[in-house]
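Asker: Residues in the sequence shown are numbered consecutively from 19, following the numbering used here.
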Amino acid sequence: MALPVVAVVGRPNVGKSTLFNKLIGQRLSIVEDTPGVTRDRIYGKCEWLGHEFMLVDTGGIEPDSTDIILSQMRRQSELAITSADVIILVTDIRSGVTANDTEVAQMLMKSGKPVVLCVNKVDNVGELPVDFYEFYNLGLGEPFPVSSVHGHGTGDMLDEVIKYLPEATDDSEDDTVKVAVIGKPNVGKSSIINRICGEERVIVSDIAGTTRDATDTSIENEQGKFTFIDTAGIRRKSKVLEVVEKYSVLRAYMAVDRADVAVIVIDATVGFTEQDSKVAGYAHEKGKACVVAVNKWDAIEKDTGTMNEFRKDLEKDFSFMSYVPFVFISAKTGLRMDKLFETINYVAEQNSVRIPTGRLNEVLSYATSRVQPPSDKGRRLKIYYMTQAATKPPTFVFFVNRADLFHFSYQRYIENQIRETFGLDGTPVVFKIRERDKTDVK
Ligand code: GDP
Ligand code: GDP
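1. With DSSP run on the structure shown, which of helix, strand or coil describes His-170?
2. For the region 260-303, list the beta strand (DSSP E) runs that are entirely contained and at least 3 residues long, ordered along the chain.
3. From Lys-314, Val-371, Leu-358, Phe-290, pick the residue whose C-alpha is nearest to that of Lys-330; which is it?
4. What residues match up with Gly-62 in a beta bridge as DSSP calls it?
5. Please classify Glu-453: does DSSP put it in a helix, a strand, or coil?
6. Whose C-beta lies closer than 7 Å to the C-beta of Lys-34 among residues of the same chain, with five residues either side of it excluded?
7. For Trp-66, which residues of its own chain have a beta-carbon under 6 Å away from its beta-carbon, when the five flanking residues on both sides are left out?
8. Taking only three categories from DSSP, how would you classify Arg-388?
9. By how many angstroms is the C-alpha of Ser-95 removed from the C-alpha of Val-122?
10. Any residue with its C-beta under 6 Å from a non-hydrogen atom of ligand 1 counts. Can you list them all in chain order?
11. In the DSSP output, which residue or residues are listed as bridge partners for Tyr-403?
12. Check Lys-243 in the structure and name its three-state DSSP category.
13. Please find out if some non-hydrogen atom of ligand 2 comes closer than 8 Å to the beta-carbon of Ala-349.
14. Rounded to a whole number of angstroms, what is the C-alpha to C-alpha distance between Leu-268 and Phe-426?
15. I need the straight-line Cα distance from Cys-136 to Ala-102, nearest angstrom please.
16. Shorter than 8 Å, the distance from the beta carbon of Thr-375 to the closest heavy atom of ligand 2, or not?
17. Contact check, Gly-201 vs Val-297 under 8 Å by CB: the rounded distance?
18. Measuring CA to CA, which of Ser-340, Pro-184, Ser-113, Pro-161 is closest to Asp-174?
19. Looking at Val-274: is its Cβ nearer than 9 Å to the Cβ of Lys-304?
20. Got a sec: does ligand 2 put a non-hydrogen atom nearer than 8 Å to the Cβ of Gly-201?
21. Looking at the secondary structure, which residues open and close the alpha helix (DSSP H) in which Ile-362 lies?
22. Of all the beta strand (DSSP E) runs that stay within the bounds of the region 306-341, which reach a length of 3 or more residues?
23. Compute every distance between the C-beta of Val-283 and the non-hydrogen atoms of ligand 2, then say whether any falls below 8 Å.
24. Rounded to the nearest angstrom, what separates Glu-279 and Ala-407 at their Cα positions?
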């Protein structure tokens with residue numbers, strides 16, 4: 019599902035992140051706890067009166083910068099204008115309308131994007147301070163008084179926001195495999211996309227639609243139909259946006275959220291880096307099927323053992339997702355692009371596989387008879403039964419006597435047994451442990 023995007027912009031200290039946290043509420047912790055996500059709270063899912071959207075805090079996107087405030091705000095606003103469907107401009111009742119507010123308001127107005135004006139720190143409900151009316155001068159229509167700390171006024175403001183939201187496009191029904199190509203700068207993402215789009219028949223490219231749809235590119239070849247998500251973001255490198263590293267990270271994460279398969283591109287001439295594991299870690303945590311594409315393979319001096327050695331090293335680097343396949347490609351020469359598509363299809367299938375309960379329990383009873391389940395103070399773990407509860411990613415529920423006895427290492431062992439039998443290459447799996455007679459899932 020492609021969610022509409024709402025961006026929060028404004029000067030430092032007006033309360034953007036406070037507002038953001040208030041609106042995201044509990045859901046934020048999910049985003050925050052995800053390894054690989056930058057500590058800054060930059061985006062989260064938000065819901066108001068049945069409308070879902072992605073809220074982006076552009077303040078969190080700014081790298082530590084010595085820039086003067088105005089240029090920071092310009093940059094934030096550019097990000098918001100290019101990526102959001104609706105923009106919330108946050109101002110501060112305590113400082114009144116500043117020159118920077120006016121400047122940014124004009125910039126936003128010129129863009130033609132819907133803007134909702136939030137006047138923050140209006141903590142006393144009831145009478146509005148006289149200074150409030152000066153915010154009409156920004157020319158953005160009715161200002162909404164809000165107290166982000168207390169949550170007052172956010173409802174009225176969100177009522178206004180959702181008026182401008184485009185319909186969320188439901189892309190779960192179509193039969194194309196949705197692919198996010200992700201990786202550090204310069205690994206060759208745009209070269210890969212350009213090669214793919216240059217060679218194959220492009221069905222839909224840059225069609226008019228909502229902001230985000232227009233950035234997807236669909237192609238068809240003998241291996242099937244594929245939609246590459248946010249290709250415009252990859253292909254057209256805007257100088258302004260490139261500098262904001264976190265912004266490209268954010269876009270990559272949003273692309274992964276919408277994808278069936280994440281193609282994690284690494285540069286063979288550079289090898290594995292910490293940043294690669296961050297990007298990959300996000301796709302893993304989100305339960306997406308994954309492929310690691312080792313690009314620029316043409317530039318490596320090779321003899322017969324080179325690929326195997328390379329692969330062995332990578333298996334160590336990616337040990338946290340030991341299921342992931344590697345494809346050695348070259349966007350420059352086109353080497354193994356067909357193999358890449360084949361692997362994308364394969365991992366997508368594995369990600370949505372359904373395993374019959376009977377077969378799972380056969381493997382389970384074999385596994386538990388070979389290696390006894392752990393015990394503690396005379397109590398031994400009993401796994402009564404397992405079943406697959408969901409796909410994308412394959413999610414298995416275990417019914418046990420004591421959840422605390424089902425240690426990570428034993429879960430790992432069971433996972434390996436399941437993988438050995440059923441494959442599940444290229445996809446994370448999720449285990450849910452449920453104590454019999456109890457309804458809570460851990
Ligand atoms: P940002 O830089 O725009 O993200 O601003 P922050 O969210 O970090 O807030 C800056 C300061 O304003 C913090 O000390 C907040 O506690 C305070 N603040 C934010 N919203 C409100 C509000 O609604 N009322 C009051 N009184 N203070 C607020
Ligand atoms: P992006 O930042 O990840 O989109 O990377 P680009 O596609 O812009 O590529 C970065 C640089 O690597 C460019 O100079 C490309 O020409 C080069 N490059 C990309 N793919 C290959 C490849 O397969 N082989 C070689 N030798 N160079 C490549």
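Note that beta-carbon positions come from the ideal geometry of N, C-alpha and C, so glycine has one too.
Answerer: Concretely, from the data shown:
1. Taking the first residue of the sequence shown as 1, we reach residue 170 at position 152. His-170 falls in the strand class under three-state DSSP.
2. Whole beta strand (DSSP E) segments, 3+ residues: 279-285.
3. Within the sequence shown, numbered from 1, the residue matching residue 330 stands at position 312. Ranking Lys-314, Val-371, Leu-358, Phe-290 by Cα distance to Lys-330 puts Phe-290 first.
4. Numbered from its first residue, the sequence shown carries residue 62 at position 44. DSSP output for Gly-62 lists Leu-73 as bridge partner(s).
5. On the sequence shown, position 435 is the one that residue 453 refers to. It is a strand residue.
6. For the purposes of this step, residue 34 is identified with residue 16 of the sequence shown, where counting begins at 1. If we look at Lys-34 and ignore the five residues flanking it on each side, its Cβ neighbours are Val-26, Gly-28, Asp-75, Gly-77, Val-108.
7. The residue given as residue 66 occupies position 48 in the sequence shown. Result list for Trp-66: Leu-176, Ile-180, in chain order.
8. Here residue 388 corresponds to residue number 370 of the sequence shown, with the count starting at 1. Looking at Arg-388 - three-state DSSP - the assignment turns out to be helix.
9. Your numbering for residue 122 matches position 104 in the sequence shown. Your numbering for residue 95 matches position 77 in the sequence shown. Each residue's alpha carbon lies about 7 Å from the other.
10. Gly-28, Pro-30, Asn-31, Val-32, Gly-33, Lys-34, Ser-35, Thr-36, Gly-77, Asn-138, Lys-139, Asp-141, Ser-165, Ser-166, Val-167
11. If you number the sequence shown from 1, residue 403 lands on position 385. DSSP, once it has assigned bridges, lists Phe-417 as partnering Tyr-403.
12. Indexing the sequence shown from 1 puts residue 243 at position 225. In this structure, Lys-243 counts as strand in the three-state DSSP scheme.
13. Taking the sequence shown and counting its residues from 1, the one referred to as residue 349 is at position 331. Within the cutoff, so yes.
14. As a position in the sequence shown, residue 268 is number 250, starting the count at 1. As a position in the sequence shown, residue 426 is number 408, starting the count at 1. Distance from the CA atom of Leu-268 to the CA atom of Phe-426, rounded to whole angstroms, is 31 Å.
15. To locate residue 136, count along the sequence shown from 1; it is residue 118. To locate residue 102, count along the sequence shown from 1; it is residue 84. Their Cα atoms are separated by approximately 17 Å.
16. The residue labelled residue 375 in the question sits at position 357 within the sequence shown. Answer for Thr-375: no, Cβ out of range of ligand 2.
17. Position 183 of the sequence shown, counted from the start, is the residue given in the question as residue 201. Position 279 of the sequence shown, counted from the start, is the residue given in the question as residue 297. Contact holds; Cβ gap of about 6 Å.
18. Along the sequence shown, one-based indexing puts residue 174 at 156. Checking every option, the nearest Cα to that of Asp-174 belongs to Pro-161.
19. Reading the sequence shown from its first residue, position 256 is the one you call residue 274. Reading the sequence shown from its first residue, position 286 is the one you call residue 304. In this structure, Lys-304 lies closer than 9 Å to Val-274 by Cβ.
20. Here residue 201 corresponds to residue number 183 of the sequence shown, with the count starting at 1. Yes, the beta carbon of Gly-201 sits closer than 8 Å to at least one heavy atom of ligand 2.
21. Working through the sequence shown from its first residue, we reach residue 362 at position 344. Element bounds for Ile-362: 355-369.
22. DSSP runs (the beta strand (DSSP E)) wholly in the region 306-341: 307-313.
23. If you number the sequence shown from 1, residue 283 lands on position 265. Because some heavy atom of ligand 2 lies under 8 Å away, the Cβ of Val-283 counts as near it: yes.
24. As a first step, residue 279 must be located in the sequence shown, where it is residue number 261. As a first step, residue 407 must be located in the sequence shown, where it is residue number 389. The sequence shown places Val at residue 279, rather than the Glu named in the question. If you take the alpha carbons of Val-279 and Ala-407, they lie about 21 Å apart.
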